[in-house]
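One structure is given below, encoded as structure tokens.
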Amino acid sequence: MRNLMKEKSFYQRCVTACGPLWEQAAAHPFVAGLAAGTLTRRQMQHYLIQDGLYLRNYVRVCRTLAARAQTEEDRFLFEYSAKISEEAELGIQEQLFRQLRLAWVDEAPGPATTAYMEQESSAVEHNSELVGLAAAAPCTVLYAEVGRRLALMEKTADPNHPYRLWLDLYADPAVQNMAEQWIACLNRWAADKDEGEQAEAIQAFVVSMRCEIDFWQQAWKAGGVV
């Protein structure tokens with residue numbers, strides 16, 4: 005699996021603009037709990053429910069990006085991304101609920117979930133398609149990076165790891181390749197944009213990265229951890 009942090013150009017400018025946010029998101033205590041398999045039942049329950057709400061909106065975001073794409077290749081990428089979210093990610097969540105014997109609770113979107121959905125939904129309707137893409141990119145590339153990192157840890161190698169399904173999904177070569185394609189697309193779409201439009205897109209990427217941290221933190225605090 006390639007290290008996504010080694011990619012350059014516009015994507016790297018986005019990551020650089022995040023400062024410490026990228027690492028705070030990739031190494032959040034909730035992520036450490038996923039790696040160790042030590043999250044409380046309430047933390048995992050809350051995370052899966054809220055992530056399900058988020059992903060349903062993300063599917064719409066990806067399909068909007070597909071509609072705005074100028075090439076068949078890019079349209080296919082975003083339709084495929086929507087399919088992965090709709091079938092693989094949401095499917096894994098259902099399996100984890102059963103496997104972990106978690107009870108389904110009807111929850112409204114939490115503050116962090118709402119903020120993230122509003123951020124992406126607004127950005128994807130921006131006059132600049134690059135802004136929409138940049139706002140949506142952190143979800144795909146960050147989860148792939150987390151999946152890559154966790155796959156390298158000895159503690160995640162146990163075939164009976166309680167979150168085996170989650171770990172395997174985001175370390176899967178198909179997900180890693182999809183993230184690389186998002187990065188390549190981000191660089192392509194930025195290539196003919198002026199500095200002002202690029203700056204707006206970079207800011208959208210940074211805001212979404214903050215949303216990722218807030219989303220992890222929301223689930224982390226669900227277990228009573230502050």
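Numbering (this note's numbering), first residue to last: 5 to 230.
C-beta atoms are modelled at their ideal positions from N, C-alpha and C, and glycine is treated no differently.
{"Query": "Excluding the 5 residues flanking residue 65 on each side, which residues of the same chain have their C-beta closer than 7 Å to its C-beta?", "Result": "124, 125, 128 and 140"}
{"Query": "Who are the Cβ neighbours of residue 56 in its own chain at under 7 Å, not counting the five residues just before and after it?", "Result": "94 and 97"}
{"Query": "Give me the residue from 130, 19, 16 and 33 with the minimum Cα distance to residue 219.", "Result": "33"}
{"Query": "Taking C-alpha atoms, which residue in 143, 50, 196 and 63 lies nearest to residue 208?", "Result": "143"}
{"Query": "State yes or no: is the C-beta of residue 182 within less than 8 Å of the C-beta of residue 85?", "Result": "yes"}
{"Query": "If we call anything under 8 Å between Cβ atoms a contact, is residue 206 one with residue 28?", "Result": "no"}
{"Query": "Between residue 145 and residue 186, which are expected to be in contact by the criterion C-beta below 8 Å, what is the C-beta distance as a whole number of angstroms?", "Result": "6 Å"}
{"Query": "Hey, out of 58, 122 and 178, whose CA is closest to residue 136's CA?", "Result": "122"}
{"Query": "Assess contact between the region 149–157 and the region 165–174, defined as three or more Cβ pairs (one per stretch) separated by less than 8 Å. Is contact present?", "Result": "yes"}
{"Query": "When burial is assigned at 16 or more other CB atoms within 10 Å of the CB, is residue 160 buried or exposed?", "Result": "buried"}
{"Query": "Classify residue 113 as helix, strand or coil using the three-state DSSP reduction.", "Result": "coil"}
{"Query": "Locate the alpha helix (DSSP H) running through residue 23, then write down its first and last residues.", "Result": "It is not in any alpha helix (DSSP H) - residue 23 carries neither H nor E in the DSSP assignment."}
{"Query": "By Cβ distance, which residues of its chain are closer than 6 Å to residue 117, with the 5 residues on each side in sequence left out?", "Result": "54, 57 and 58"}
{"Query": "Note the first and the last residue of the continuous alpha helix (DSSP H) segment covering residue 136.", "Result": "133–155"}
{"Query": "Put residue 179 into one of helix, strand or coil per three-state DSSP.", "Result": "helix"}
{"Query": "Taking the C-alpha atoms as reference points, what is the distance between residue 51 and residue 92?", "Result": "16 Å"}
{"Query": "Taking Cβ to Cβ, would you say residue 120 is nearer than 8 Å to residue 38?", "Result": "no"}
{"Query": "Can you give the Cα-Cα distance for residue 42 and residue 215, rounded to whole angstroms?", "Result": "23 Å"}
{"Query": "Of all the CB atoms in chain C, is at least one closer than 8 Å to the CB of residue 85?", "Result": "Annotation note: the requested chain C is absent from the structure, which comprises a single protein chain."}
{"Query": "On the premise that residue 72 lies in contact with residue 133, defined as a C-beta separation below 8 Å, what is that separation, rounded to the nearest angstrom?", "Result": "5 Å"}
{"Query": "Measuring only the C-alpha atoms, how far is residue 201 from residue 170?", "Result": "36 Å"}
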